[in-house]
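Peer 1: Next up is a structure, given as structure tokens.
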């Protein structure tokens, strides 16, 4: 038996560490968090000191059981979860579970942390254990409680006032507000015209351009000229005054130093990977996790290649500094090495994050040496991390900037600038990425010919260029992460999850590489900004993060912090629940009046998404509704475009004795004949599609349906069907797999009954619908029960007991959840499904 039990979070990490520690250690993974708040109201009880009710996470129960079994026989236990606030909480939860099961009696429990997975780091950590840090656990619990209280209390208000199934988050809501406010800035933006004037200089040794900086003796600014006629008149005056040449009046040369950027933090890594590699924040963190946990690199075996990637520190350990300085001296020469290491100051004072920047565990492992062992993504990210860390310890770059002023007569002046690299320093390894605008305005790398005051430079031509001011750009992942960090919203480990939540909830979508808020996202943000202003305020959210950090440092207690938050928040929720009308929920836009009925036309968020409406619920006659088409928004649609949506359904003619129509439904535009609906293709415009095209789509759909049935059985609801992913079995309520070695058409009724009992899964809405006849779930359930019973192997007493306990627990949870449905945040999923879709297994 192993003497020591060491617990980490991930199986990959466990596998790597197990090789380092040998037979005296058993290394097991918790697979992330092991407990969470029970998913129902009352999980956090403000009336009793914010007592929190936890339950095991069902998918991780087996891993907890494995840890418990190993703990029984171990001499001592080492908790080696991640070195951040979440990792500390996981260690605490594991300790609590083991204590509840009475497995810690007279058994030492150690907390160990390491920021890299290398033999040296692991052994040093085990040699220097500590106790679980209560302040870090308190901070994590406080954060979880706050998120729970906001979600469970604010989300139901959104359900009643905006749309069911929506959710509000303590940190995601301010992030959404940023995206929405930027969109509103863009929509409100009014472009201004302006003109620039440049001279094409024909110097004997090199052509170059120069920008006009003085016109008619006055400084030339952005809006000095705002129309083409004025620009042309100015150009003619300049050409006439120049007389075919420009006179050099001043040459200024200035040498400056540019210092390297610090090594990566989580935030800067995400930003740079987005700018340089096109990675999403999620992709960056997934690849970094793999590099941290370990990669097999030949004879060395599996080795962690980078330090822990969730950190806001820019410091490097003495060992890392020595390592990097050796590499610089070896590969770039001692002239590239400063006399002493470069040190950087972190902006954050958070004690809960890892205490080192993201860096290679050994700078001696160059990207070129590791390339053959890494995937393409791993290679790219490791290259970025390695270069940034090495460059951070190199000498500054020395740059020489030359600025030349050239006059056209006595009243007009042009300026040309160029910057050359005198000593590359760190630039020989790495240069930080720039956005497109910064890159366009940069003169770096541009050389000018040698000139001195008094020189005359031949003037090739003078040209004018029209420009328009541009609205602020939409947020990309890189710029949103940067903004969140600058405002102090969220923490390094939360940026990726914030972004994923916004996309998953369909509050924002990606347009190219930029975020664009959806109508639902704007409605949610507008409602919260109007009625819960304080709680989506950037400063308030940042201050709350600071207070949580103070808890993590032991400077503040977590219960008083929650008490201060909870009272005013709950009072506001209660007031708004009663007082705010649905029509005042930030999701209705009045467009005008319908010329036919004289009733108001509005655009709003309805039960099934964005729509337009003629009339109001107060009218005697029921309002008319029409769904918006893809690409339309309730915030930008015009009255004419809205009224056009009510032209549906269109009647195109008759076919086979039945009317053919085109309409727009919940799942998009469709053509219909009798009971057959056929979705229109992307290229089909429902307002322009003709009769022949509509009939073609309908008959194509019917042909697919006819060919879908491979085999049916008299007296049975079960059919063998063709689906999008291949043949399968369905009775309308359950879908089952067909073995790869069986010919679908040769299956017998007994075989399909058995297969459905063994492999059947409930049909998701829209999947596996019957073609010829419908089957009710009740009838099917009765029919398949005996077969399933016969196919199931006899369970042991122990398994049966466990299953019964689990079933009872599930039933209780299900009932409780049902009772509190209005308190739980859920995701509404809409999917167009047709009869030719096969079930996803």
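Residue numbers (full-length UniProt numbering): 1 to 841. Just so you know, even glycine gets a beta-carbon here, dropped at the ideal spot from N, CA and C.
Beta carbon of residue 373, beta carbon of residue 489: below 8 angstroms?
Peer 2: Their beta carbons are not under 8 angstroms apart, which means residue 373 does not touch residue 489 by this criterion.
Peer 1: Determine the closest residue to residue 741 out of 727, 656, 749, 202, with distance taken between C-alpha atoms.
Peer 2: The shortest C-alpha separation from residue 741 is found at 727.
Peer 1: Out of 731, 407, 415, 433, state which residue places its alpha-carbon closest to the alpha-carbon of residue 387.
Peer 2: For the residues 731, 407, 415, 433, the minimum Cα distance to residue 387 belongs to 433.
Peer 1: If we require 4 or more residues per run, which alpha helix (DSSP H) segments fall completely within the stretch 548-579?
Peer 2: Taking only runs of at least 4 residues, the alpha helix (DSSP H) segments lying wholly in the stretch 548-579 are 558-579.
Peer 1: Taking the alpha-carbon of residue 306 as reference, which of 668, 121, 701, 547 has the nearest alpha-carbon?
Peer 2: The residue with the shortest Cα to Cα distance from residue 306 is 121.
Peer 1: Let's see if you can read the secondary structure: which residues bound the beta strand (DSSP E) around residue 208?
Peer 2: Here the beta strand (DSSP E) through residue 208 covers 207-215.
Peer 1: With DSSP as the reference, label residue 450 as helix, strand or coil.
Peer 2: Coil.
Peer 1: Leaving out five residues before and five after residue 191 in sequence, what residues of the same chain have Cβ atoms less than 6 angstroms from its Cβ?
Peer 2: Only 468, 469 meet the Cβ criterion.
Peer 1: Looking at the structure shown, is residue 613 part of a helix, part of a strand, or coil, going by DSSP?
Peer 2: It is a strand residue.
Peer 1: If I measure Cβ to Cβ from residue 517 and keep anything under 6 angstroms in the same chain, skipping five residues before and after, which residues do I get?
Peer 2: If we look at residue 517 and ignore the five residues flanking it on each side, its Cβ neighbours are 179, 180, 183, 508.
Peer 1: For the stretch 271-318, which segments carrying the alpha helix (DSSP H) assignment without a break, of at least 4 residues, lie completely within its bounds, in sequence order?
Peer 2: Runs of the alpha helix (DSSP H) inside the stretch 271-318: 281-293.
Peer 1: Quick one: what does DSSP say residue 465 is sitting in, helix, strand or coil?
Peer 2: If DSSP states are grouped into helix, strand and coil, residue 465 belongs with the strands.
Peer 1: In whole angstroms, what is the alpha-carbon distance linking residue 662 and residue 746?
Peer 2: If you take the alpha carbons of residue 662 and residue 746, they lie about 41 angstroms apart.
Peer 1: Name, in chain order, the residues that DSSP records as bridge partners for residue 28.
Peer 2: DSSP output for residue 28 lists 7 as bridge partner(s).
Peer 1: Identify whether residue 644 lies in helix, strand or coil by the three-state DSSP scheme.
Peer 2: Reduced to three states, the DSSP call for residue 644 is helix.
Peer 1: Taking the straight line between their C-alpha atoms, what separation do you get for residue 527 and residue 487?
Peer 2: Roughly 22 angstroms separates the two Cα atoms.
Peer 1: For residue 658, count the other beta carbons within 10 Å of its own beta carbon; 16 or more makes it buried, fewer makes it exposed. Which is it?
Peer 2: By the neighbour-count rule (16 or more Cβ atoms within 10 Å), residue 658 is not buried but exposed.
Peer 1: Please return the same chain residues whose Cβ sits closer than 6 angstroms to the Cβ of residue 413, not counting the five positions on each side in sequence.
Peer 2: Within the same chain, residue 413 has close Cβ partners 213, 214, 405, 407.
Peer 1: Just how far apart, CA to CA, sit residue 95 and residue 733?
Peer 2: Near 44 angstroms, if we compare the C-alpha coordinates of residue 733 and residue 95.
Peer 1: When DSSP labels each residue in this structure, what does residue 366 get in the three-state scheme?
Peer 2: Three-state result, residue 366: coil.
Peer 1: Residue 218 by DSSP, collapsed to three states: which one?
Peer 2: The answer is strand: DSSP assigns residue 218 an E or B state.
Peer 1: Where does residue 360 fall in DSSP's three states?
Peer 2: Strand at residue 360.
Peer 1: Can you tell which of 364, 280, 493 has the C-alpha that lies nearest to the C-alpha of residue 904?
Peer 2: The structure shown does not extend to residue 904, since the chain is modelled only from 1 through 841, so no value can be given for it.
Peer 1: Three or more beta-carbon pairs under 8 angstroms between the stretch 148-166 and the stretch 335-347, yes or no?
Peer 2: Cβ pair count under 8 angstroms is below three, so no.
Peer 1: Is it buried or exposed for residue 585, if we count other Cβ within 10 angstroms and need 16 for buried?
Peer 2: Classification for residue 585: buried.
Peer 1: Ignoring anything shorter than 4 residues, give me the alpha helix (DSSP H) runs that lie fully in the stretch 83-143, in order along the chain.
Peer 2: Here the runs fully enclosed are 85-100, 119-127.
Peer 1: Which of the three DSSP states, helix, strand or coil, is assigned to residue 186?
Peer 2: In the structure shown, residue 186 sits in a helix (DSSP, three-state: H, G or I).
Peer 1: For residue 334 and residue 384, what's the separation of their Cα atoms in angstroms?
Peer 2: Their backbone Cα atoms lie some 23 angstroms apart in a straight line.
Peer 1: Only counting the same chain, and skipping five residues up and downstream in sequence, which positions put a Cβ closer than 7 angstroms to that of residue 101?
Peer 2: Only 68 meet the Cβ criterion.
Peer 1: Per DSSP, what are the beta-bridge partners of residue 195 in this structure?
Peer 2: Looking at the DSSP assignment, residue 195 forms a beta bridge with 466.
Peer 1: With a floor of 3 residues, list each beta strand (DSSP E) that falls wholly inside the stretch 479-536, ordered by position along the chain.
Peer 2: Here the runs fully enclosed are 508-511, 514-517.
Peer 1: By the three-class DSSP mapping on this structure, what secondary structure does residue 763 have?
Peer 2: If DSSP states are grouped into helix, strand and coil, residue 763 belongs with coil.
Peer 1: Keeping to the same chain, check which residues put their C-beta closer than 6 angstroms to that of residue 691; ignore five residues upstream and five downstream.
Peer 2: Only 652, 653 meet the Cβ criterion.
Peer 1: Assign residue 33 to one of three DSSP states: helix, strand, or coil.
Peer 2: The answer is coil: DSSP assigns residue 33 none of H, G, I, E or B.
Peer 1: So, with DSSP's three-state summary, where would you put residue 838?
Peer 2: The pLDDT assigned to residue 838 is 32, lower than 50, so where the model puts this residue is not dependable, and the model offers no usable value.
Peer 1: Rounded to whole angstroms, what is the Cα-Cα separation between residue 106 and residue 134?
Peer 2: Taking the straight line joining both Cα atoms gives about 21 angstroms.
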